[in-house]
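Notes to accompany the following structure.
2 protein chains.
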Amino acid sequence: MTAVTSPPRTDAPAARPVSFEVLRSFGQSHPAGPAADATRARLGRLTTAHGVVETPQFMPVGTNATVKALDPDDLREAGATMILANTYHLALRPGHERIARLGGLHRFMAWDRGILTDSGGYQVVSLGDRLTIDDDGVTFRSHLDGSPQRFTPAYSIAVQEALGADVAVCFDQPVPPHASSRAKVSEAMTRTHRWAERCLEAHQRPDQALFGIIQGGLEPDLRAASTDFIRALPFDGLCIGGLAGDETGVQRRAALDIVVGRLADDPRPRYLMGLGSPLDLLDAVDAGLDLFDSVLPARVARNGTLWVPGGRLNLRNAGFLDDPRPVLQDCPCRLCRTFSRAYLAHLFRANELLAYRLATCHNLTFTLDFMARIRSALAAGTFPRLRRELQAQAAVTDAAGEPL
Amino acid sequence: MTAVTSPPRTDAPAARPVSFEVLRSFGQSHPAGPAADATRARLGRLTTAHGVVETPQFMPVGTNATVKALDPDDLREAGATMILANTYHLALRPGHERIARLGGLHRFMAWDRGILTDSGGYQVVSLGDRLTIDDDGVTFRSHLDGSPQRFTPAYSIAVQEALGADVAVCFDQPVPPHASSRAKVSEAMTRTHRWAERCLEAHQRPDQALFGIIQGGLEPDLRAASTDFIRALPFDGLCIGGLAGDETGVQRRAALDIVVGRLADDPRPRYLMGLGSPLDLLDAVDAGLDLFDSVLPARVARNGTLWVPGGRLNLRNAGFLDDPRPVLQDCPCRLCRTFSRAYLAHLFRANELLAYRLATCHNLTFTLDFMARIRSALAAGTFPRLRRELQAQAAVTDAAGEPL
Numbered sequence: 000m001t002a003v004t005s006p007p008r009t010d011a012p013a014a015r016p017v018s019f020e021v022l023r024s025f026g027q028s029h030p031a032g033p034a035a036d037a038t039r040a041r042l043g044r045l046t047t048a049h050g051v052v053e054t055p056q057f058m059p060v061g062t063n064a065t066v067k068a069l070d071p072d073d074l075r076e077a078g079a080t081m082i083l084a085n086t087y088h089l090a091l092r093p094g095h096e097r098i099a100r101l102g103g104l105h106r107f108m109a110w111d112r113g114i115l116t117d118s119g120g121y122q123v124v125s126l127g128d129r130l131t132i133d134d135d136g137v138t139f140r141s142h143l144d145g146s147p148q149r150f151t152p153a154y155s156i157a158v159q160e161a162l163g164a165d166v167a168v169c170f171d172q173p174v175p176p177h178a179s180s181r182a183k184v185s186e187a188m189t190r191t192h193r194w195a196e197r198c199l200e201a202h203q204r205p206d207q208a209l210f211g212i213i214q215g216g217l218e219p220d221l222r223a224a225s226t227d228f229i230r231a232l233p234f235d236g237l238c239i240g241g242l243a244g245d246e247t248g249v250q251r252r253a254a255l256d257i258v259v260g261r262l263a264d265d266p267r268p269r270y271l272m273g274l275g276s277p278l279d280l281l282d283a284v285d286a287g288l289d290l291f292d293s294v295l296p297a298r299v300a301r302n303g304t305l306w307v308p309g310g311r312l313n314l315r316n317a318g319f320l321d322d323p324r325p326v327l328q329d330c331p332c333r334l335c336r337t338f339s340r341a342y343l344a345h346l347f348r349a350n351e352l353l354a355y356r357l358a359t360c361h362n363l364t365f366t367l368d369f370m371a372r373i374r375s376a377l378a379a380g381t382f383p384r385l386r387r388e389l390q391a392q393a394a395v396t397d398a399a400g401e402p403l
Numbered sequence: 000m001t002a003v004t005s006p007p008r009t010d011a012p013a014a015r016p017v018s019f020e021v022l023r024s025f026g027q028s029h030p031a032g033p034a035a036d037a038t039r040a041r042l043g044r045l046t047t048a049h050g051v052v053e054t055p056q057f058m059p060v061g062t063n064a065t066v067k068a069l070d071p072d073d074l075r076e077a078g079a080t081m082i083l084a085n086t087y088h089l090a091l092r093p094g095h096e097r098i099a100r101l102g103g104l105h106r107f108m109a110w111d112r113g114i115l116t117d118s119g120g121y122q123v124v125s126l127g128d129r130l131t132i133d134d135d136g137v138t139f140r141s142h143l144d145g146s147p148q149r150f151t152p153a154y155s156i157a158v159q160e161a162l163g164a165d166v167a168v169c170f171d172q173p174v175p176p177h178a179s180s181r182a183k184v185s186e187a188m189t190r191t192h193r194w195a196e197r198c199l200e201a202h203q204r205p206d207q208a209l210f211g212i213i214q215g216g217l218e219p220d221l222r223a224a225s226t227d228f229i230r231a232l233p234f235d236g237l238c239i240g241g242l243a244g245d246e247t248g249v250q251r252r253a254a255l256d257i258v259v260g261r262l263a264d265d266p267r268p269r270y271l272m273g274l275g276s277p278l279d280l281l282d283a284v285d286a287g288l289d290l291f292d293s294v295l296p297a298r299v300a301r302n303g304t305l306w307v308p309g310g311r312l313n314l315r316n317a318g319f320l321d322d323p324r325p326v327l328q329d330c331p332c333r334l335c336r337t338f339s340r341a342y343l344a345h346l347f348r349a350n351e352l353l354a355y356r357l358a359t360c361h362n363l364t365f366t367l368d369f370m371a372r373i374r375s376a377l378a379a380g381t382f383p384r385l386r387r388e389l390q391a392q393a394a395v396t397d398a399a400g401e402p403l
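Protein sequences appear in the order of chains A and B. Mapping of the first sequence onto numbering that gives the first Met the number 0: residues 0 to 403, in sequence order. Mapping of the second sequence onto numbering that gives the first Met the number 0: residues 0 to 403, in sequence order.
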């Protein structure tokens with residue numbers, strides 16, 4: 000844990016900062032079942048200096064060094080073992096050098112489990128004003144105060160080393176997958192590859208893992224080329240970027256199948272950036288992915304949308320004001336074990352702060368429990384059956400046109 | 000506890016719903032000390048169906064059936080044994096009949112300790128639009144949706160019986176103490192007396208205490224007359240209303256001395272409505288008051304003002320962004336035992352929801368610990384010394400013109 004407060008600067012070779020073990024892999028088909036049971040899902044274990052992360056796993060997002068409305072006890076109670084923090088936001092405010100002086104991100108936010116920082120690439124492109132991209136980096140203006148800023152691969156790595164997360168990721172140039180021309184996807188991919196090499200060169204902190212990012216949009220040959228390029232580099236893990244955006248589920252799955260097919264038995268963890276809805280997570284696990292993050296469960300919670308098996312409840316509907324039941328019977332979260340739907344509906348109508356915390360506790364507990372259920376099914380060899388059941392349940396929900 | 004879900008409607012005489020015991024009273028002067036140690040402070044114990052409330056005691060305010068940003072575990076951890084909820088707000092939203100159907104206020108908000116509801120008198124006058132006051136009640140429009148509303152003594156009692164708090168209070172007509180003419184204070188006092196009798200007649204719930212309210216503004220003879228009128232009625236406790244407003248501390252103390260002097264050895268609890276700053280609380284305890292409530296500690300917390308001995312910290316000051324110390328060393332609250340001033344200052348600047356919860360935990364813990372310190376000094380016979388020390392500390396703070 001000394002690494003958090005004072006990064007060791009030694010030339011001695013360090014052990015891998017993050018180890019990943021595939022506990023069970025089903026390869027192209029389920030060993031004991033029919034062809035319909037084919038899956039690439041795998042069960043794994045990521046070990047960092049801040050504990051063990053069982054995979055497939057979902058990482059809640061703590062943009063500003065806090066998962067909105069929750070404290071670390073809430074996160075632990077929800078079952079989080081690793082969270083994501085945003086390099087772009089923390090570099091702008093309160094500043095990565097300040098966080099380093101205060102002992103690093105773990106100490107700053109009092110979170111003693113795993114942290115992964117993104118590279119800022121996505122936020123620079125989506126939040127920065129007056130953006131110009133060149134082959135060395137991105138110049139933009141802060142969305143907070145309009146101040147001029149520049150992110151380069153080396154700068155993103157320096158920020159992430161100062162923050163001191165367990166896992167850093169490469170600075171990349173994401174593009175909206177569906178709305179982008181082939182030329183644009185290709186240009187961004189080539190730049191991402193060059194920046195991946197620069198990030199590897201810049202990265203020094205031996206107690207921090209570095210993941211590369213595969214791009215290539217929805218173009219099969221570009222996805223394949225990017226997979227081949229990135230997997231050949233000595234990264235500790237592989238991110239799949241440029242998805243979980245404006246593409247359809249079928250388009251996403253096609254891109255994932257290309258990537259995972261070419262990764263074959265590569266033993267490194269595979270992280271699909273930005274995916275958060277339960278059925279999307281199920282499909283991506285089926286495609287062979289290990290790690291996920293998204294603001295989605297927490298964001299919809301703050302809007303009053305509570306996730307339950309097969310659907311969702313909109314607590315802003317007046318009908319819930321008289322409903323004495325918990326949001327979800329037998330759910331272990333702080334909301335469901337203590338309060339009624341009626342109380343939560345009242346809190347939302349009164350704009351009371353407690354509503355946001357309770358709803359977020361529920362949706363994150365629900366998402367993390369959903370992943371735990373997937374892992375149990377993988378361990379028991381029953382994942383194909385679980386997948387069929389959940390997809391059938393969702394089909395019924397869709398046909399009825401009702402959220403429940 | 001059945002009372003909360005289904006009020007017993009029996010004609011059999013019930014035991015007093017609330018008992019109060021004065022454990023130690025110093026009368027007009029401290030028994031073993033010099034004249035300068037004179038105090039009317041007293042140590043007591045209020046017992047309700049929801050537990051024991053050691054007095055002098057401060058009650059956090061849960062306007063909308065939630066102390067803003069906190070959940071019941073947070074409140075228990077801060078040391079709260081009784082909270083106040085606002086009859087006016089809950090009658091308008093979500094509605095007292097709805098709360099009654101859901102099992103009463105304790106169950107609704109999952110708070111198993113004491114609750115006192117105010118009468119709505121103060122909020123009707125301060126929040127209601129297009130107000131008209133007659134001898135039977137107040138007609139106004141809701142501040143939420145402009146709907147026409149009318150509060151009468153009997154209606155306020157009916158609302159409070161539906162909510163099912165441990166202690167209800169009479170519907171009164173408060174007036175700003177300093178800014179009101181003698182004629183206005185007198186008229187409001189007379190009306191408050193008539194309404195007190197109507198509240199006593201209307202109140203039926205045998206498991207709920209009813210407190211009367213003494214008015215009379217800053218007019219010595221009116222305060223005296225109101226004290227004599229209200230104390231002659233069979234209330235379970237006595238509130239002092241119409242203070243903690245625009246009067247000076249000296250004016251308030253003069254009014255309190257009149258009231259407490261005339262109450263003499265009256266064994267019922269004395270509750271000064273609306274007072275919340277630590278030094279004001281100290282002075283009111285010294286004057287012989289037992290119970291207090293205020294939104295102040297929580298409201299200033301949400302604005303970034305954190306209370307510490309002898310002063311306050313404004314966490315919005317940039318200097319705190321680099322301060323690794325806790326807000327208050329050795330403070331047992333969730334904020335101080337876990338996070339730095341730097342982290343809290345960052346959360347406030349990023350408008351993160353967690354800031355409001357952590358700051359509120361601290362200021363309520365601080366206030367409730369301050370009351371516990373007063374009680375310990377009363378039990379040990381050292382209250383006069385504590386009062387001198389705290390007043391001297393405050394005088395230094397004032398002279399330096401610095402909050403710390």
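Glycine included, each C-beta is placed from N, C-alpha and C at the ideal position.
How many Å lie between residue 153/A and residue 266/A at the Cα? Here the question's residue 153/A lines up with position 154 in the first sequence. Here the question's residue 266/A lines up with position 267 in the first sequence. Residue 153/A and residue 266/A have their C-alpha atoms some 27 Å from each other.
Quick one: give me the first and last residue of the alpha helix (DSSP H) that residue 313/B is part of. Residue numbering aside, residue 313/B sits at position 314 when the second sequence is read from its first letter. Per DSSP, residue 313/B lies in no alpha helix (DSSP H); the unbroken beta strand (DSSP E) holding it starts and ends at 310 to 313.
Can you pull the chain B residues whose beta carbon is under 7 Å from the beta carbon of residue 38/A, in chain order? As a first step, residue 38/A is located in the first sequence; it is residue number 39 there, counting from the start. Result: empty, since nearest Cβ-Cβ is about 39 Å, beyond 7 Å.
Using 7 Å as the threshold, is the C-beta distance between residue 20/A and residue 44/A below it? For the purposes of this step, residue 20/A is identified with residue 21 of the first sequence, where counting begins at 1. For the purposes of this step, residue 44/A is identified with residue 45 of the first sequence, where counting begins at 1. Yes. Within cutoff.
Partners in chain B for residue 348/A, counting only beta-carbon separations shorter than 8 Å: Within the first sequence, the letter at position 349 stands for residue 348/A. Per Cβ cutoff of 8 Å: 92 and 93.
Kindly indicate which three-state DSSP category residue 28/A falls into: helix, strand or coil? Counted from its first residue, the first sequence places residue 28/A at position 29. For residue 28/A, the predicted model reports a pLDDT of 47, less than 50, meaning its position is unreliable; a value from the coordinates is still stated below. Reduced to three states, the DSSP call for residue 28/A is coil.
Beta strand (DSSP E) runs contained entirely in the segment 169 to 244 of chain A, provided each spans 3 or more residues: 208 to 213 and 236 to 239
Per-residue DSSP class, three states only, for residue 267/B: The residue labelled residue 267/B in the question sits at position 268 within the second sequence. Coil, per DSSP.
So what does DSSP say about residue 59/B, is it helix, strand or coil? As a first step, residue 59/B is located in the second sequence; it is residue number 60 there, counting from the start. In this structure, residue 59/B counts as strand in the three-state DSSP scheme.
Which bits of chain A does residue 63/B rub up against, with CB to CB less than 7 Å? Here residue 63/B refers to the residue found at position 64 of the second sequence. Here the neighbours are 349 and 351.
Partner residues on chain A for residue 70/B, Cβ-Cβ distance less than 8 Å: Here the question's residue 70/B lines up with position 71 in the second sequence. Ordered by position in chain A, the residues that pass the 8 Å Cβ test against residue 70/B are 333, 337, 353, 356 and 357.
Cross-chain neighbours of residue 323/A in chain B, by beta carbon under 7 Å: Counting from 1 along the first sequence, the entry for residue 323/A is found at position 324. Near residue 323/A (Cβ distances below 7 Å), the residues of chain B are 101.
Would you mind working out which of 166/B, 89/B and 38/B sits nearest residue 58/B, comparing C-alpha positions? Against the second sequence, residue 58/B aligns to sequence position 59. Ranking the options by Cα distance to residue 58/B, first place goes to 166/B.
Check whether the segment 288 to 295 of chain A touches the segment 136 to 148 of chain A, counting contact only when three or more Cβ pairs, one atom from each stretch, lie closer than 8 Å. no
Can you find the residues in the same chain that come closer than 6 Å, C-beta to C-beta, to residue 362/B, ignoring five residues on each side of it along the sequence? Counting from 1 along the second sequence, the entry for residue 362/B is found at position 363. The answer, listed in chain order, is 296, 300 and 306.
Who are the neighbours of residue 97/A on chain B, taking C-beta pairs under 8 Å? Sequence index remark: in the first sequence, residue 97/A carries index 98 (1-based). 320, 321 and 341, listed in chain order.
Compute the Euclidean distance between the alpha carbons of residue 158/B and residue 95/B, then round it to the nearest angstrom. Here residue 158/B refers to the residue found at position 159 of the second sequence. Here residue 95/B refers to the residue found at position 96 of the second sequence. The straight-line gap from Cα to Cα measures roughly 6 Å.
For the segment 279 to 337 of chain B, list the beta strand (DSSP E) runs that are entirely contained and at least 3 residues long, ordered along the chain. 290 to 293, 304 to 307 and 310 to 313
Beta carbon of residue 114/B nearer than 7 Å to that of residue 164/B: Stepping through the second sequence from its first residue, residue 114/B is reached at position 115. Stepping through the second sequence from its first residue, residue 164/B is reached at position 165. Closer than 7 Å, so yes.
Per the contact definition of three or more C-beta pairs closer than 8 Å, is the segment 258 to 277 of chain B in contact with the segment 183 to 194 of chain B? no
So, is the C-beta of residue 291/A closer than 7 Å to a C-beta in chain B? The sequence position of residue 291/A within the first sequence is 292, counting from 1. So no, residue 291/A is outside the interface.
Residue 134/B (DSSP reduced to helix, strand or coil): As a position in the second sequence, residue 134/B is number 135, starting the count at 1. Note: residue 134/B maps to coil in three-state DSSP.
For a cutoff of 7 Å on Cβ pairs, would you count residue 109/B as touching chain A? Sequence index remark: in the second sequence, residue 109/B carries index 110 (1-based). Judged by the 7 Å Cβ criterion, residue 109/B is in contact with chain A.
For residue 251/B, the first and last residue of its enclosing alpha helix (DSSP H): Walking along the second sequence from the start, residue 251/B turns up at place 252. It spans 248 to 262 - the alpha helix (DSSP H) in which residue 251/B sits, taken as one unbroken run.
Short CB-CB distance (under 7 Å) between residue 345/B and chain A: For the purposes of this step, residue 345/B is taken as the residue at position 346 of the second sequence. Output row for residue 345/B: interface = yes.
Using a Cβ cut-off of 7 Å (strictly closer), state whether residue 183/B contacts chain D. Protein chains A and B are contained in the structure displayed, whereas chain D is not.
Proximity below 7 Å, CB of residue 201/A to CB of residue 156/A: Looking up residue 201/A in the first sequence gives position 202. Looking up residue 156/A in the first sequence gives position 157. Cβ atoms of residue 201/A and residue 156/A: closer than 7 Å.
Which residues in the same chain as residue 321/B place their Cβ atom closer than 8 Å to its Cβ, once the five residues preceding and following it in sequence are excluded? As a working mapping, residue 321/B is identified with position 322 in the second sequence. Same-chain partners within the cutoff: 341.
Would you list the one or two residues that DSSP bridges to residue 84/A? Reading the first sequence from its first residue, position 85 is the one you call residue 84/A. DSSP lists 116/A as partners of residue 84/A.
Candidates 198/A, 313/A and 378/A: closest to residue 150/A by CA position: In the first sequence, the residue the question calls residue 150/A occupies position 151. Here the closest residue by C-alpha is 198/A.
Residue burial classification, residue 125/B (beta-carbon count within 10 angstroms, cutoff 16): Counting from 1 along the second sequence, the entry for residue 125/B is found at position 126. Flag for residue 125/B reads exposed.
Going by Cα to Cα distance, which pick from 46/B, 219/B, 25/B and 359/B is closest to residue 303/B? Within the second sequence, the letter at position 304 stands for residue 303/B. Nearest Cα to residue 303/B within the set 46/B, 219/B, 25/B and 359/B: 359/B.
On the DSSP bridge assignment, give the partners of residue 42/B in chain order. In the second sequence, residue 42/B corresponds to position 43, counting from 1. According to DSSP, which records beta bridges pairwise, residue 42/B is partnered with 23/B.
What does the Cβ neighbour count give for residue 29/A, buried or exposed, with the cut at 16 atoms within 10 Å? What you label residue 29/A is simply residue 30 of the first sequence in a count that begins at 1. Below a pLDDT of 50, predicted positions are generally treated as unreliable, and residue 29/A, at 45, falls in that range; the measurement from the model is reported next regardless. Its Cβ being crowded by 16 or more others within 10 Å, residue 29/A is buried.
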